[in-house]
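Q:
Number of protein chains: 2
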Amino acid sequence: MAEYSIGVDLGGTNLRAAAVNRDGKMLDKIAISTNLGAGRDTVINDIVTAIRKLRRKMAGGSLVGVGIGVPGFILIEKGMIVGSHNMPGFDNFPVRDEISRLLGSPVILENDANAAAMGEKWMGAGRGVDDLILLTLGTGIGGGIISGGKVLHGSVGMAGELGHITIIPSGNVCGCGNHGCLEKHASATAIESMANLLALGENLSARDVYELAQGGNDNARRIFQSMGTALGLGLATLINIFNFPLYLLSGGVLPAWEFFAPPMMEQVRKRSFTFRNAETRIEPAILGNEAGLYGAACLPFQS
Amino acid sequence: MAEYSIGVDLGGTNLRAAAVNRDGKMLDKIAISTNLGAGRDTVINDIVTAIRKLRRKMAGGSLVGVGIGVPGFILIEKGMIVGSHNMPGFDNFPVRDEISRLLGSPVILENDANAAAMGEKWMGAGRGVDDLILLTLGTGIGGGIISGGKVLHGSVGMAGELGHITIIPSGNVCGCGNHGCLEKHASATAIESMANLLALGENLSARDVYELAQGGNDNARRIFQSMGTALGLGLATLINIFNFPLYLLSGGVLPAWEFFAPPMMEQVRKRSFTFRNAETRIEPAILGNEAGLYGAACLPFQS
């Protein structure tokens, strides 16, 4: 009986689930909209329904377990989300145990960026690498640290909050209480805020700013210069701390690589003796929004 | 036949060696001056002589191996020191293999701060804790990361260069090529530079500045305020990255805890959501300058 696991990626917009075998082959996939507005119980029901649907389609196979990647700080042993502004009903609710009870299967809860890092390690740009860091550049900046082939969790599961590295001590205010967090200066949201400050246009997305930069708009290019500089500063600190061989970047900002990577690399070269003396790659991740699915599916095979 | 290992701590001033058994009991100890001025071969000869002396005194015991903690960036697989300004003759020299050849025993080379972190984990303030970080506040700031009970090395052994976390992007110039490294704002040397800038006195040591602060000198207290703020900023970033349960501080600046710890803790509380939500201790290390000896001696038992 062929073994498989089910990975779930619960995002603010989409809820994805996939059945994956031990070799990392995606056997089947479901994607629906996340209905956060309908409340926690509806979302949990949607997750359970998606998993059951996959389980029926995989009849004859043996389900090893379910991994679920969710946004926010995770208490890994308790299987709970804490301090999540995006998913208010989930805060401090035993979401892992509730889903496990409804399914009658073991469930592992994981932070979405940690899951994405694990996915890239398993089937993406980090194949064959045991130590890597992934930064997801989106609304915020998520981080996942893979050390010795496994997610680094820290004592309760909050390790890897790399978007909250302080890069400018008196920089922009962050929801976490800090000033100058990496994610306030290098995320898609940060790009949009800068575009707003520079009056580049009404409600521009990071993608719009990228297109303006491509068209030769100096201010749009300056925005990526600033964002790349901030990102490079954060990466240099990470390289000095970890001396890992691989740092991956993912997220919607990635197409603008041509604009933000040069100032990013300039900072890294300048600020990291380790980068200049130990082989270190900084590269785009390759699995896109399926990284989290692969990673979530990988977890039951590891445990 | 009782097993023991020999740990060596090679500092710029002192060369210490000790025989330690598997329970962490220090059986014998030698301390001499480090004679860097006499050149590399003399220093290596002094190390080998000290180890042989201990080996003779331990006749009847079984030597498991030798661990040596040295300052500077380490290439762990090659057993070499690189980029060390303090030990010029050692740069890129196969020091581990040379000592091993002279002794006829296996030798492990380790960065001194990594060894000290391991020592505190084994027999000091980190007993019973598998994940901790040590910052040594001295001439520079060294760092050691213990993850899952072992030193985190990264790909070549340069992990843990925590003195080179950028805390002020346009801060003081550092020998590593960066600006605003933690060690340029929170080491003993940084305290001495600030005392010099504020014209507190001629060639004051960090200890002198501490005594002035104790005597009520406002500028001396401001210096520790600044140093504690910088340290807190670095610690907050580390806590956000690692979510480890324990962060230890050691070094000659430690007695000034009463002056630098309050601003340090203020920064940590403000800048780390993780600190506010996961039990996290920041404490003085307890083994003083014997931490490196214990840690170096621990390594052969681990390998």
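Order-wise, the sequence lines are chains P and X. Counting the first sequence from 1 gives a position; this note's numbering is that position plus 16. Counting the second sequence from 1 gives a position; this note's numbering is that position plus 16. Beta carbons are placed, not taken as given, at the ideal position from N, Cα and C, and that holds for glycine.
For A204/P, count neighbouring Cβ atoms within 10 angstroms of its own Cβ and tell me buried if that reaches 16, exposed if not.
A: Classification of A204/P: buried, given that the 10 Å Cβ count is 16 or more.
Q: I'd like to confirm the pairing. Which residues does DSSP put opposite G308/X in its beta bridges?
A: The partner list for G308/X (beta bridge, DSSP) is empty, contrary to what the question assumes.
Q: In angstroms with no decimal places, state the Cα-to-Cα distance between L315/X and G217/P.
A: 60 Å
Q: Spell out the partners DSSP gives H195/X in its beta bridges.
A: V189/X
Q: With DSSP collapsed to three states, give me the class of P122/P.
A: coil
Q: Buried or exposed for P87/X, going by 16 or more other Cβ atoms inside 10 Å?
A: buried
Q: Given that K286/P touches chain X, what residues does it touch there, using C-beta distances under 9 Å?
A: The answer, in chain order, is G193, N194 and H195.
Q: Which two residues bound the contiguous beta strand (DSSP E) that contains K45/P?
A: M42 to S49 is the span of the beta strand (DSSP E), which, as asked, contains K45/P.
Q: Taking P271/X as part of the alpha helix (DSSP H), name the residues at either end of that continuous run.
A: Note, P271/X: premise wrong, no alpha helix (DSSP H); not H, not E.
Q: With 16 other CB atoms within 10 Å as the buried threshold, where does E19/X fall?
A: exposed
Q: DSSP on P110/X, reduced to helix/strand/coil?
A: coil
Q: What separation, rounded to the nearest whole angstrom, lies between the Cα atoms of E306/P and G159/P?
A: When rounded, the distance between both Cα atoms is 16 Å.
Q: Which residues does DSSP pair with G279/X in a beta bridge?
A: A small fix is needed here, since residue 279/X is Pro in this sequence, not Gly. Bridge partners of P279/X: none, in fact.
Q: When the Cα of S21/X is compared with those of K73/X, R287/X and I181/X, which residue comes out closest?
A: K73/X
Q: For M17/P, count neighbouring Cβ atoms within 10 angstroms of its own Cβ and tell me buried if that reaches 16, exposed if not.
A: exposed
Q: What residues in the stretch 291-304 of chain X bring their beta carbon closer than 9 Å to a beta carbon of chain P?
A: R292, N293, A294, E295 and T296
Q: Using 8 Å as the threshold, is the C-beta distance between A312/P and A75/P below it?
A: For A312/P and A75/P, no; Cβs fall outside 8 Å.
Q: Around the Cβ of H180/X, are there at least 16 other Cβ atoms within 10 angstroms (buried) or fewer (exposed)?
A: buried
Q: Given L270/P, which residues of its chain have a CB within under 6 Å of its CB, disregarding the five upstream and five downstream residues?
A: Correct list, in chain order: P300.
Q: If you reduce the DSSP assignment to three classes, tell me which class A175/P lands in.
A: coil
Q: Identify whether K94/P lies in helix, strand or coil by the three-state DSSP scheme.
A: coil
Q: What three-state label does DSSP hand N30/X in the structure shown?
A: strand
Q: What is the rounded straight-line gap between the Cα of W138/X and the Cα of S266/X?
A: 15 Å
Q: Could you give the distance in angstroms between the alpha-carbon of G140/X and the alpha-carbon of L213/P?
A: Spanning the two alpha carbons is a distance of roughly 52 Å.
Q: What residue does the beta strand (DSSP E) around G160/X start on, and which one ends it?
A: I157 to S163
Q: Counting Cβ pairs closer than 8 Å, one from the stretch 253-264 of chain P and one from the stretch 224-233 of chain P, do we hit at least three?
A: no
Q: When DSSP builds the beta bridges, which residues end up paired with A3/P?
A: Outside the shown range of chain P (17 to 319) lies residue 3/P, about which nothing can therefore be said.
Q: Hey, is the stretch 273-290 of chain X in contact with the stretch 244-258 of chain X, meaning 3+ C-beta pairs nearer than 8 Å?
A: yes
Q: Helix, strand or coil, according to DSSP, for E218/X in the structure here?
A: coil
Q: What span of residues does the beta strand (DSSP E) with V86/X cover, start to end?
A: S78 to V86
Q: Short of 8 Å in beta carbon distance, which residues of its chain neighbour R68/P, apart from the five on each side in sequence? Order them along the chain.
A: L119
Q: For chain P, check one thing: does any of its Cβ atoms lie closer than 8 Å to the Cβ of I124/X?
A: Look at I124/X: its C-beta is not under 8 Å from any C-beta on chain P.
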